[in-house]
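So for the sequence shown, this note's numbering puts the first residue at 3; every next one is plus one. All residues carry an ideal CB built from backbone N, CA and C; glycine is no exception.
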Amino acid sequence: MNYISTREGTAKKSASEVILEGISPEGGLYVPESFPVLSRELLSHLCGLDYCGRAREILKRYLTDFTDSEIMAAVESAYTGGKFQGDLPAPLSKVGDAYLLELWHGPTCAFKDMALQLLPHLLSTSGKKQGSEEDIVILVATSGDTGKAALEGFKDAEGTSVLVFYPQEGVSAVQKLQMQTQEGSNVAVAGIRGNFDDAQSAVKEMFTSPALGAALKAKGLRFSSANSINFGRLLPQIVYYISAYCDLVEGEELAMGDPINVVVPTGNFGNILAAYYAKQMGLPIRRLICASNQNNVLADFMDTGVYDRSRPFLPSYSPSMDILISSNLERLLFELCERDAAATAALMKALSEEGRYALTESQRQRLTADFAGDYLDDAGTLSVIASVFSRYGYLVDPHTAVAFGVYERYLKKSGDDTKTVVVSTASPFKFSDSVCKALALTYGEGTLAPTEALAAAAGLEPPQAILTLANKPVRFSQVLERGGLEEFVKGSLSL
Ligand SMILES: *Cc1c(COP(=O)(O)O)cnc(C)c1O
3 MNYISTREGT
13 AKKSASEVIL
23 EGISPEGGLY
33 VPESFPVLSR
43 ELLSHLCGLD
53 YCGRAREILK
63 RYLTDFTDSE
73 IMAAVESAYT
83 GGKFQGDLPA
93 PLSKVGDAYL
103 LELWHGPTCA
113 FKDMALQLLP
123 HLLSTSGKKQ
133 GSEEDIVILV
143 ATSGDTGKAA
153 LEGFKDAEGT
163 SVLVFYPQEG
173 VSAVQKLQMQ
183 TQEGSNVAVA
193 GIRGNFDDAQ
203 SAVKEMFTSP
213 ALGAALKAKG
223 LRFSSANSIN
233 FGRLLPQIVY
243 YISAYCDLVE
253 GEELAMGDPI
263 NVVVPTGNFG
273 NILAAYYAKQ
283 MGLPIRRLIC
293 ASNQNNVLAD
303 FMDTGVYDRS
313 RPFLPSYSPS
323 MDILISSNLE
333 RLLFELCERD
343 AAATAALMKA
353 LSEEGRYALT
363 ESQRQRLTAD
373 FAGDYLDDAG
383 TLSVIASVFS
393 RYGYLVDPHT
403 AVAFGVYERY
413 LKKSGDDTKT
423 VVVSTASPFK
433 FSDSVCKALA
443 LTYGEGTLAP
453 TEALAAAAGL
463 EPPQAILTLA
473 NKPVRFSQVL
483 ERGGLEEFVK
493 GSLSL
């Protein structure tokens, strides 16, 4: 399997090359040249396997320059040994008529662990394959969850360092503390004055800066990315959609071949793109439903075919979705443009120069054939948390609540009663303060007070990873001006 860039379209690269590079030199994103076929026979075969077995079978169809034993070792290091509660990385819970795919049983309590527990292994194997002598520097712009998951995934990994930037005012108290107290000898973290888009564009600039690249090279270093612009981040996410389908078949909730709908709370468009890739492979998905919060640029795009980022940035209770430039949408655009790299590059140029672009009528038809979109504002988010808890005794975090609310609205509007998987992306305890607010729970002083109040009200045990935070020393409390990232990177790497 070879990979091509969304903006160049002809140069072919191997999986290990694209995982190591992260982003293509002209700024495009790498995509597989074609999608491996998930036949009915293969899907039936996968149903009989455990999560690791399913992951191995799917990964090997994309990572054709990896050996079986390399893939097996990577998958087992990521998903076994207690990293995910009960060694079950992606269980389903039935809530009303929906199936919630709980992707937050890993070390940082959000779905980013699904990819970031695996990526370091894919990256180090890729480095070896490419004969790279350089140590890898991972730069991460985070809306809260990716940063912590990357820090946990890469901490103390040999030949790697990780530098994380988060919007100082744009993450939850638990998210901030998780990052500020990060352990490990190869990590550094800083807040920035600005929002996630500011952090993401500053990181993208450093990535493609020839001067910085040369300074790194002189030190025997190179950049790579753990953001979902790296194909190695997307690939592990394809697995859980296929695995969820298998679990529904195995649990006799679904007959083999029957379609499902998937609702995904969306920010950077990585998670829902992975579902779209699963559909492209042949997984019977009828509709992909993109759920946004009040930063509803994607919902508008689904509605009108116009992507217009010129609108106020509205911090919300679901901060990991507070994004106006969804970088992975470029990979979908490439498909909507029928894989025409020049056309894709032109749309991306319009976005960066004019802040907007519009699809043609036929591109728009291709979009709406697969996707629907809607959004929920903050008030709606809190009321969904409360109503799901009162109706089903089940706690959802604000991101999952956005997806659940959009799911219920879609049901009402469309009457489409296809069985539906709603993707649940974070533990409610990661956003205890917002969930307490939704349930009108009061609490006293202290970082863990809302967590304890929530645990008592719901009769649940909070994750250990959150309970231990209060006792950890803060290691990183620096806040940078928007222009100060490069200096911080140089300082951290002694360039
Ligand atoms: C990252 C994140 C999202 C958004 O996922 P994308 O792949 O960026 O669309 C949703 N919910 C949570 C909890 C997240 O951490």
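**Report entry** Residue range of the alpha helix (DSSP H) that includes GLU59
**Finding:** 53–64
**Report entry** Element boundaries [alpha helix (DSSP H), containing PRO122]
**Finding:** 121–131
Query - Distance, TYR279 Cα to MET3 Cα - result: 15 Å
Requested in this report: Could you tell me which residues DSSP puts in a beta bridge with SER95?
Outcome: LEU102
Query raised in the report: Under the rule that 16 or more other beta-carbon atoms within 10 Å means buried, what is GLY417, buried or exposed?
Result: exposed
Query raised in the report: Once you ignore the five residues that flank VAL566 on each side, which residues in its own chain have a CB closer than 8 Å to its CB?
Result: The chain is shown from 3 up to 497; residue 566 falls before or after that span and cannot be answered.
Query raised in the report: Can you find a heavy atom of ligand 3 that lies under 7 Å from the Cβ of PRO267?
Result: The model on display carries ligand 1 but not ligand 3.
Query raised in the report: In whole angstroms, what separates the C-alpha of ILE21 from that of ARG341?
Result: 21 Å
Query raised in the report: With burial defined as no fewer than 16 other Cβ atoms inside 10 Å of the residue's Cβ, what is the status of ALA442: buried or exposed?
Result: exposed
Query raised in the report: Do ILE73 and ILE244 come within 8 Å of each other at the CB atom, strictly closer than that value?
Result: no
Requested in this report: Tell me whether GLY272 counts as near ligand 1, meaning its Cβ is closer than 7 Å to at least one heavy atom of that ligand.
Outcome: yes
Query - THR162 - partner residues in DSSP beta bridges - result: ILE138
Query raised in the report: Taking 7 Å as the cut-off, does the CB of THR148 come closer than this to any heavy atom belonging to ligand 1?
Result: yes
Requested in this report: Determine the burial state of LYS281: buried for a count of at least 16 other Cβ atoms within 10 Å of its Cβ, exposed for fewer.
Outcome: buried
Query raised in the report: Which residue from VAL166, LEU250, VAL491, ALA347 puts its Cα closest to that of LYS96?
Result: LEU250
Report task. Reducing DSSP to helix, strand and coil, say where ALA310 ends up. Result -> The question names Ala, but residue 310 is Asp in the sequence shown. Three-state DSSP puts ASP310 in a strand.
Query raised in the report: If we call anything under 8 Å between Cβ atoms a contact, is ILE387 one with CYS111?
Result: no
Query raised in the report: Sorted by chain position, which residues of the same chain lie with C-beta nearer than 7 Å to SER494's C-beta, five sequence neighbours on each side aside?
Result: LEU165, ALA190
Requested in this report: Find the nearest neighbour of PRO430 within the set LEU275, PHE113, SER134, judged by alpha-carbon distance.
Outcome: PHE113
Requested in this report: Determine, using beta-carbon pairs with one atom in the region 412–428 and one in the region 253–262, whether at least three such pairs fall under 8 Å.
Outcome: yes
**Report entry** Counterpart residues of PHE225 in DSSP-defined beta bridges
**Finding:** VAL139
Report task. Could you tell me which residues DSSP puts in a beta bridge with GLY417? Result -> BP columns for GLY417 are empty, so no partner.
Query - Under 8 Å between C-beta atoms of GLN132 and SER18 - result: yes
Query raised in the report: If ARG9 sits next to GLY24, beta carbons under 8 Å apart, how far is it from one beta carbon to the other, in whole angstroms?
Result: Not a contact, Cβ separation roughly 15 Å.
Requested in this report: Kindly list the residues whose CB is nearer than 6 Å to the CB of ALA352, restricted to its own chain and excluding five residues on each side of it in sequence; keep chain order.
Outcome: TYR359
Report task. Would you kindly report the start and end of the unbroken beta strand (DSSP E) that includes GLY375? Result -> 373–377
Query raised in the report: Can you round the beta-carbon distance between ILE291 and TYR409 to whole angstroms, since I take them to be within the 8 Å contact cut?
Result: 7 Å
Report task. Measure the Cβ-Cβ separation of LEU31 and ILE231 and say whether it is below 8 Å. Result -> yes
Query raised in the report: From this set, SER145, ALA151, GLU154, GLN367, which residue's C-alpha is nearest GLY172's C-alpha?
Result: SER145
**Report entry** Endpoints, beta strand (DSSP E) assigned at ALA293
**Finding:** 287–294
**Report entry** Contact check, THR444 vs LEU471, beta carbons under 8 Å
**Finding:** no
Query raised in the report: Which word fits SER126, buried or exposed, when buried means at least 16 other C-beta atoms lie within 10 angstroms of its C-beta?
Result: buried
Query raised in the report: Does DSSP put PRO464 in a helix, in a strand, or in coil?
Result: coil
Requested in this report: Express the C-alpha separation of ARG368 and LEU44 in angstroms, rounding to a whole number.
Outcome: 27 Å
Requested in this report: Quick one: using the 10 Å Cβ neighbour count with 16 as the cut-off for buried, is LEU48 buried or exposed?
Outcome: buried
Report task. Go ahead and pull the three-state DSSP assignment for TYR396. Result -> coil
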